[in-house]
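K.L.:
When we follow our numbering, the leftmost residue of the sequence shown carries the number 9, and every step to the right adds one. We put the CB at the ideal spot given by N, CA and C, even for glycine. There's a structure below that I have some questions on.
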Amino acid sequence: MQPTKSIGIIKCIPFHISLKEYVISKVLLNNLKLKQNFSFEGGFELPLTNDWLNYEKLNNKHLLKYHNSRQVRFVIDNDYIIGLRLKDNINYMSDDELNEIITLINNIFLSPI
């Protein structure tokens, strides 16, 4: 387990906000560990385990007391979702986890219908 070095926007293929629920449902079908994040922006979450809570080199670690899961939220620009961001810029996901989510999103738009 290594926290990601990605802070800021983790880009995906842009898609219209009207497709948000569709994208979420497709991603959840292909990754049973993920849960839907029901914030205004929407996104995904994973459990916040003791391994992550005890990891010393997390950004903004003092904000973990306000979290009960590891969250990535959609980034919206002019009615388009352009990527994901880590909640409070806490790097409590691995590159592998983030890459899997982005790949699942991108594959929705790259796959033939």
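For L56, which three-state DSSP category applies?
P.N.:
coil
K.L.:
Quick one: residues in its chain with C-beta nearer than 8 Å to the C-beta of V80, no 5 flanking neighbours on either side, listed in chain order?
P.N.:
I18, N45, G51, F52, E53, L92, R93, L94, K95, M101, L106 and I109
K.L.:
I need the DSSP call for S33, collapsed to helix, strand or coil.
P.N.:
helix
K.L.:
Of all the alpha helix (DSSP H) runs that stay within the bounds of the segment 63-96, which reach a length of 4 or more residues?
P.N.:
none
K.L.:
I'd like the list of long-range same chain contacts for N67, defined as Cβ closer than 7 Å, with 5 residues on each side in sequence excluded.
P.N.:
The answer, listed in chain order, is I15, N97, I98 and N99.
K.L.:
Give me, in chain order, the residues of the same chain whose beta-carbon lies closer than 8 Å to that of L71; leave out the 5 immediate sequence neighbours on both sides.
P.N.:
D96 and I98
K.L.:
CB S33 to CB L56, shorter than 8 Å?
P.N.:
no
K.L.:
Beta-carbon separation of I21 and F117 under 8 Å?
P.N.:
yes
K.L.:
Express the C-alpha separation of I25 and K69 in angstroms, rounding to a whole number.
P.N.:
31 Å
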